[in-house]
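Input: a single structure, listed below in structure tokens.
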Amino acid sequence: MKKPLALLLFFLSVGCSSLGEQQKYALDKKISKVTTDRFIDSNKRTLIVFNIYLDKELSKEIVLKELYYKNKVATIESKNEKMYFAKLNYQPIPSINMQREGKMEYGNSGLKLTPPPIVLEENQALISYSVGNNIKYYIIKDVKESTPHVAPGAIVE
Numbered sequence: 092m093k094k095p096l097a098l099l100l101f102f103l104s105v106g107c108s109s110l111g112e113q114q115k116y117a118l119d120k121k122i123s124k125v126t127t128d129r130f131i132d133s134n135k136r137t138l139i140v141f142n143i144y145l146d147k148e149l150s151k152e153i154v155l156k157e158l159y160y161k162n163k164v165a166t167i168e169s170k171n172e173k174m175y176f177a178k179l180n181y182q183p184i185p186s187i188n189m190q191r192e193g194k195m196e197y198g199n200s201g202l203k204l205t206p207p208p209i210v211l212e213e214n215q216a217l218i219s220y221s222v223g224n225n226i227k228y229y230i231i232k233d234v235k236e237s238t239p240h241v242a243p244g245a246i247v248e
């Protein structure tokens, strides 16, 4: 009777320690808020900046990698130990030169979309981060884009 009880206690202690490790590296306890700033320049290009604020700085094992939003991806950069940001550029859809002969359409390119590795709803973004060699994901829910600002230096028509 003592052996099964000892095995049960062993597995419970291993399970609890791995759960503690998972919580140690989870971003949901570290991110205090995420805001967006939206800028439009004179060429009607849109820049969306995601600002990621942390309650405390990340451990050395956690590295924020990329942010996915509306089929675009941007590298996450550090402003300081508790603030990170990612810049997503949206170009206006270019006019496409359609011709009967395929060689006349040289130079046309399709839209470059980067779908996220996880299916997201319309108002969600995804942060990918690494813990050692493992890639993990954190979903930002209810993304609210700010009202557009004119980009500094842009010519308003």
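Note that the sequence shown covers residues 92 to 248 in this note's numbering. Where a beta carbon is used, it is the ideal one built from N, C-alpha and C, also for glycine.
Cβ pair residue i, residue j closer than 8 Å
| i | j | result |
| --- | --- | --- |
| I226 | S237 | no |
| Y160 | A216 | yes |
| I167 | K156 | yes |
| N142 | V125 | yes |
CA-to-CA distance, residue j to residue i, given in whole angstroms
| i | j | result |
| --- | --- | --- |
| K121 | L149 | 8 Å |
| K135 | L158 | 23 Å |
| D233 | N224 | 29 Å |
| L179 | A242 | 14 Å |
| T205 | A165 | 10 Å |
| V210 | I230 | 10 Å |
| Y228 | Y144 | 17 Å |
| E213 | T127 | 15 Å |
Where residue i sits in the DSSP three-state scheme
| i | result |
| --- | --- |
| V154 | strand |
| E212 | coil |
| L179 | strand |
| K170 | strand |
| E112 | Residue confidence for E112 is low, a pLDDT of 47 falling below 50, so the modelled location carries little weight and cannot support an answer. |
| R129 | strand |
| T137 | strand |
| S237 | coil |
| L118 | coil |
| L145 | strand |
In DSSP terms, what residue i is bridged to
| i | result |
| --- | --- |
| K227 | Y220 |
| V164 | Y159 |
| T205 | None, per the DSSP bridge assignment. |
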